[in-house]
DNA sequence: TGTTTTATGCAACATTGTTTCATTTGGTAA
DNA sequence: TTACCAAATGAAACAATGTTGCATAAAACA
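Protein chains in written order, with our numbering: chain A, 7 to 143; chain L, 7 to 143.
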C-alpha cells in the first residue's frame, strides 16, 4: 500500500515526503471521507498546518476531492482517477450518517442531469444523502 | 412585513423579541440563503451570541433550514411552511454561485427520488448546484 | 402588578482556517 | 556524489466561527 501512495504522488508530480505518503496511506485504507481532524487522529504527531497545506495541495492537484455532506466539517476523499488539476470529476453521491457522522462515497450513484434555472450557468452538481449507515442501523 | 415576522413567531410559539423579528424581516426581504455573517451586516449592532442562538432556535423550531451549498459557511433560508419542529421538509435544490458566493433556493427543483445502498437507511437527500448565478453571468 | 419562564449580553474558551517567515528537505544537474 | 534551487515543513500568530455558563433583562401569563 505504501507503494501505491508513492505512485499517486508520482502520477501527480508531487514531491515524495513522509507526511504526504502517510496521508495517502490513510486515505487508501479508509472507506469513508475524512476530515483533517480524522487524519490527525491517525498520526502520532503531526503539524496541523502542514496537514492543512497537504490537503489543500492534494485537492488542487486532483488527488482528493471535497466530500460535501451537509455536515459541519470539511471532508475529503480520494479521487478515483478521473480528476486532474483544477478539473474535478467526482460526480457521485455522498452518504452522511447522522449517527456516527461518517461520510461514504457512493461511487455508483451519480448526480442526476439537471437543468439550471434560466440565466444561471451550471458547472457542477452534488447529491448528498443523509440517514443511517449500514453499521449504525 | 413586520406583521408577517410576528405572525411567524406566533405560528411557532416563539416569544416576540426585537432581534427575532428583525432577523425574520431580513430573511423575508432576501431572495438568497444567509449566513450569520450576512445577517450581522444588516444590523447596526447585535450580539453575535444572541444571533447564533436565534438561528439555532429557528432551525430547531422549523422556521429556517440549513441551505447546504457546498461552501465554507453555514447558511440558512426560510422554510416554506412544510417544516415543523425537528421535521424539516425542504427538499428543493440550492444553487451556489461561485462568483458572488450567494446561495439561492430553487423551489421548483426537487431532489430526485433515490434509493440508498442496501443496508443504508435514507432520511433526506440534498441536491446542490454550483455555477454562476443570473446576475454574475 | 407580580411571578415564572425565557431571551439576552458578556466573558471566556475551543476549533478551524489562514498567512508569514525561517529552516529543512527533495529533486536535479554539474 | 555534491551542490544548488525550488518546494515542503514547522513555528508563531491571528481571524473567524462555534459553543457554553452565568447574571441580568424582558416576555408571557395568572
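The C-beta atom is built at its ideal place from N, Cα and C for all residues, glycine as well.
CB contact below 9 Å: residue i versus chain L
i: residue 79 (chain A); result: no
i: residue 132 (chain A); result: yes
i: residue 112 (chain A); result: yes
i: residue 29 (chain A); result: no
i: residue 39 (chain A); result: no
Helix, strand or coil at residue i [DSSP, three-state]
i: residue 4 (chain A); result: Beyond the ends of chain A as shown, which are 7 and 143, falls residue 4 (chain A); an answer cannot be given.
i: residue 8 (chain L); result: Residue placement at residue 8 (chain L) is flagged as unreliable, the pLDDT there being 45, under the threshold of 50; the coordinate-derived value follows with that caveat. Residue 8 (chain L): helix per DSSP, three-state reduction.
i: residue 109 (chain L); result: strand
i: residue 34 (chain A); result: helix
Chain A within 9 Å of residue i, Cβ atoms only
i: residue 74 (chain L); result: yes
i: residue 120 (chain L); result: yes
i: residue 3 (chain L); result: There is simply no residue 3 (chain L) to check, as chain L begins at 7 and stops at 143 in what is shown.
i: residue 68 (chain L); result: no
i: residue 139 (chain L); result: yes
i: residue 126 (chain L); result: yes
i: residue 101 (chain L); result: yes
Residue range of the unbroken alpha helix (DSSP H) whose run includes residue i
i: residue 70 (chain L); result: Where residue 70 (chain L) is concerned, there is no enclosing alpha helix (DSSP H), although the beta strand (DSSP E) it sits in stretches over 70 to 72.
i: residue 136 (chain L); result: Residue 136 (chain L) -> not in any alpha helix (DSSP H); beta strand (DSSP E) instead, spanning 127 to 138.
i: residue 47 (chain A); result: 42 to 48
i: residue 84 (chain A); result: Taken as a continuous stretch (DSSP letters only), residue 84 (chain A) belongs to no alpha helix (DSSP H), being part of the beta strand (DSSP E) at 81 to 84.
i: residue 65 (chain L); result: 54 to 67
Of the listed residues the options, nearest to residue i (C-alpha basis)
i: residue 133 (chain L); options: L:123, L:119, L:108; result: L:119
i: residue 18 (chain A); options: A:46, A:68, A:54, A:136; result: A:68
i: residue 130 (chain L); options: A:99, A:40, A:86, A:51; result: A:99
i: residue 86 (chain L); options: L:20, L:44, L:30; result: L:30
i: residue 123 (chain L); options: A:114, A:124, A:125; result: A:114
Cβ distance (whole Å) where residue i is taken to contact residue j below 8 Å
i: residue 75 (chain L); j: residue 39 (chain L); result: 7 Å
Segment limits, beta strand (DSSP E) that includes residue i
i: residue 99 (chain L); result: 98 to 103
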